[in-house]
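Trainee: Quick one: the structure is below, questions incoming.
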Amino acid sequence: MGLARRIIPCLDVDRGRVVKGVNFVGIRDAGDPVEIAMRYNEQGADEITFLDITASHEERDTTVHTVEQIAEHVFIPLTVGGGIRSVGDIRSMLNAGADKVSINTAAIHNPELVRESAQRFGSQCIVVAIDAKRVDDVDGQPRWEIFTHGGRKPTGIDAVQWARKMAELGAGEILLTSMDRDGTKNGFELGVTRAITDAVEIPVIASGGVGNLDHLVQGVIEGGADAVLAASIFHFGEYTVPQAKAYMAEHGIEVRL
Amino acid sequence: MSGVVAVIDYGMGNLHSVASALQHVGADKVLVTHDADEIRRADRVVFPGVGAIRDCMAEIRRLKCDELLAQALTEQHVPVLAICVGLQAMLTRSEENGGVDCLDMIPGEVRYFGNPLQDAAGRRLKVPHMGWNEVRQVTAHPLWQGIDDGARFYFVHSYYVHARERELVAGSVDYGVSIDAALARDNLFAVQFHPEKSADAGLQLLRNFIAWDGAA
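Chains as they are written, first to last, in my numbering: chain A, 2 to 258; chain B, 478 to 693.
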């Protein structure tokens, strides 16, 4: 027995409201991120990830306020991502009560931000998010490239090499989303998950494509992920966090029950 | 009655989660402060910490938080809870940042996990040690009351504590090496994990702390 694999429900939040819909039995206002985070906390989630998809910079104050409220009521780790561009953004999220921040596009434009923020705030709170898409080599060898803008814009950066570089710069964790799978419910892209977990010493969270509990098991056993992140399977009440944990435990995965 | 709980603030990282967890479990009043008078008058003291040790030590010394901590421990004799880097700062020396002298209030070292790190079965372990791990209660202590032996707490750290006086070890966790997860000495209880982020087990520990009279 030892360290448990983590299950992390993810909330996509726009201007202070959870989007993509959440449909818990017994929740009156399904769009309230504080209420939803509390529900996942009660269910035994190991962490919560809060992804701010608010487009306009002016409405970011709402996000800070929401993070403050969640942190007041939820006593498990909270990661905040989306639109983090500067040391100042990181500081304001940490001050609001986030335990970790997830940096995505800003790391591509300015990798030094990862080094600087890891030195200032500690690696433990710097998560680098990688959105990867499969782009095989001409000889058919699997290869994954980083894409931005929701998977529309290629960067030419190799995802595995990038993960290594981010770890060297001081990232404490990688949040890996397969853009081929995100929203498909077909399961994680296990090839890139395995390639990146093998390539770096830091923990890797697998994300994108979870449609059933077998996918969570595959992410850990075949992909080697240290944590699995999912949104819709939990939001719509298809599965609860305890069901997911019990299923993983039945398959020999160590979880916090 | 918990009385006033002072959370020592030396400017490193967010301490609101520690404060709100203490409030959540019923602390009468929580102050996040480095004001000497406020800490001197407090009924309990929490010494937290996140971030890199060199910067933490610099701020602890600059704001004279080391003196306030020593005073709480040996003059005020109030219950003191140290958390994560707060614990590490109390040891003799840390290997982090190329080697940093710490407060030497607890003889011992803060060591790097080593690379590569493996479990007993030879499987590779990631660093930082991040997530929920099982804490073995090595000694009985009022702060373990109502918490199962082996309960999981949330850890996030790349360096681990090894106290020289092994009789101080109150809790232990395995992660390739044996980590001192909790040290206890008189009115001090010091933990590597984050009780404020450890759901029910962590809240119970904080509840125990605000009810503790400081005697082992």
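Glycine residues also receive a C-beta, built at the ideal position from the N, C-alpha and C atoms.
Please report whether the beta-carbon of A/Glu327 lies at a distance below 7 Å from any beta-carbon of chain B.
Mentor: With chain A represented from 2 up to 258, any question about residue 327 of chain A goes unanswered, as that position is not in the structure.
Trainee: Since A/Lys246 is in the alpha helix (DSSP H), which residue starts that stretch and which ends it?
Mentor: Here the alpha helix (DSSP H) through A/Lys246 covers 242-251.
Trainee: Name the chain B residues whose beta carbon is nearer than 7 Å to that of A/Pro78?
Mentor: Residues of chain B passing the Cβ test: Tyr631, Lys674.
Trainee: So which residues on chain B does A/Glu202 lean against when the C-beta distance must stay under 7 Å?
Mentor: Simply Asn592, Lys603, Val604.
Trainee: For A/Lys186, which of A/Leu230, A/Pro78, A/Ala99, A/Gly152 has the nearest alpha-carbon?
Mentor: Checked all of A/Leu230, A/Pro78, A/Ala99, A/Gly152; the closest Cα to A/Lys186 is A/Leu230.
Trainee: Starting from the Cα of A/Glu48, find the closest Cα among A/Ala232, A/Glu251, A/Tyr240, A/Gly238 and give me that residue.
Mentor: It is A/Ala232.
Trainee: If we count the other Cβ atoms within 10 Å of its Cβ and call it buried at 16 or more, is A/Ser57 buried or exposed?
Mentor: Exposed is the call here.
Trainee: Indicate the three-state DSSP secondary structure (helix, strand or coil) for A/Pro10 in the structure shown.
Mentor: Here A/Pro10 sits in strand by DSSP.
Trainee: How far does the alpha helix (DSSP H) with B/Leu492 in it extend, from its first residue to its last?
Mentor: Careful: B/Leu492 lies outside any alpha helix (DSSP H) and carries neither H nor E.
Trainee: Please state whether DSSP places B/His511 in a helix, a strand or coil.
Mentor: If DSSP states are grouped into helix, strand and coil, B/His511 belongs with coil.
Trainee: Check distances from the C-beta atoms of the stretch 116-127 of chain A to those of chain B and list, in chain order, the residues that come in under 9 Å.
Mentor: If the cut-off is 9 Å between Cβ atoms, the stretch 116-127 of chain A has Ala119, Gln120, Arg121, Phe122, Gly123, Ser124, Gln125, Cys126 near chain B.
Trainee: Which value, in whole angstroms, describes the spacing of the CA atoms of A/Ala207 and A/Gly82?
Mentor: Rounded to the nearest angstrom, the two C-alpha atoms are 15 Å apart.
Trainee: B/His493: beta carbon under 6 Å from a heavy atom of the ligand NAP?
Mentor: As far as ligands go, the structure on display features none, and thus does not contain the ligand NAP.
Trainee: Write down every uninterrupted run of the alpha helix (DSSP H) in the stretch 25-87 of chain A whose length is 4 residues or greater and which is fully enclosed by it, in chain order.
Mentor: Counting whole runs of 4 or more residues, the stretch 25-87 of chain A contains the alpha helix (DSSP H) stretches 34-44, 61-74.
Trainee: Could you check where the beta strand (DSSP E) with B/Phe632 kicks off and where it finishes?
Mentor: From DSSP, the beta strand (DSSP E) with B/Phe632 extends over 629-634.
Trainee: Check each candidate in A/Asn213, A/Pro78, A/Thr156, A/Met94 and name the one with the smallest Cα separation from A/Ile85.
Mentor: That would be A/Met94, whose Cα lies nearest to the Cα of A/Ile85.
Trainee: Cutting at 6 Å between CB atoms, please list the residues of its own chain near A/Gly209, excluding the five before and the five after it.
Mentor: Closer than 6 Å at the Cβ level, and outside the excluded window around A/Gly209, lie Thr178, Ser179, Arg182, Asp183.
Trainee: Buried or exposed: where does A/Leu258 fall if 16 or more other Cβ atoms within 10 Å of its Cβ makes it buried?
Mentor: Its Cβ having fewer than 16 others within 10 Å, A/Leu258 is exposed.
Trainee: Expressed to the nearest angstrom, what Euclidean distance is found between the alpha-carbon atoms of B/Asp532 and B/Gln622?
Mentor: Approximately 35 Å between the Cα atoms of the pair.
Trainee: Whole angstroms is fine: what's the gap from A/Ile197's alpha carbon to A/Ala164's?
Mentor: So the two alpha carbons sit approximately 7 Å from each other.
Trainee: From what residue to what residue does the beta strand (DSSP E) around A/Ser103 run?
Mentor: Per DSSP, A/Ser103 belongs to the beta strand (DSSP E) from 101-104.
Trainee: So what's B/Asp578 in DSSP terms, helix, strand or just coil?
Mentor: DSSP places B/Asp578 in strand when its eight states are reduced to three.
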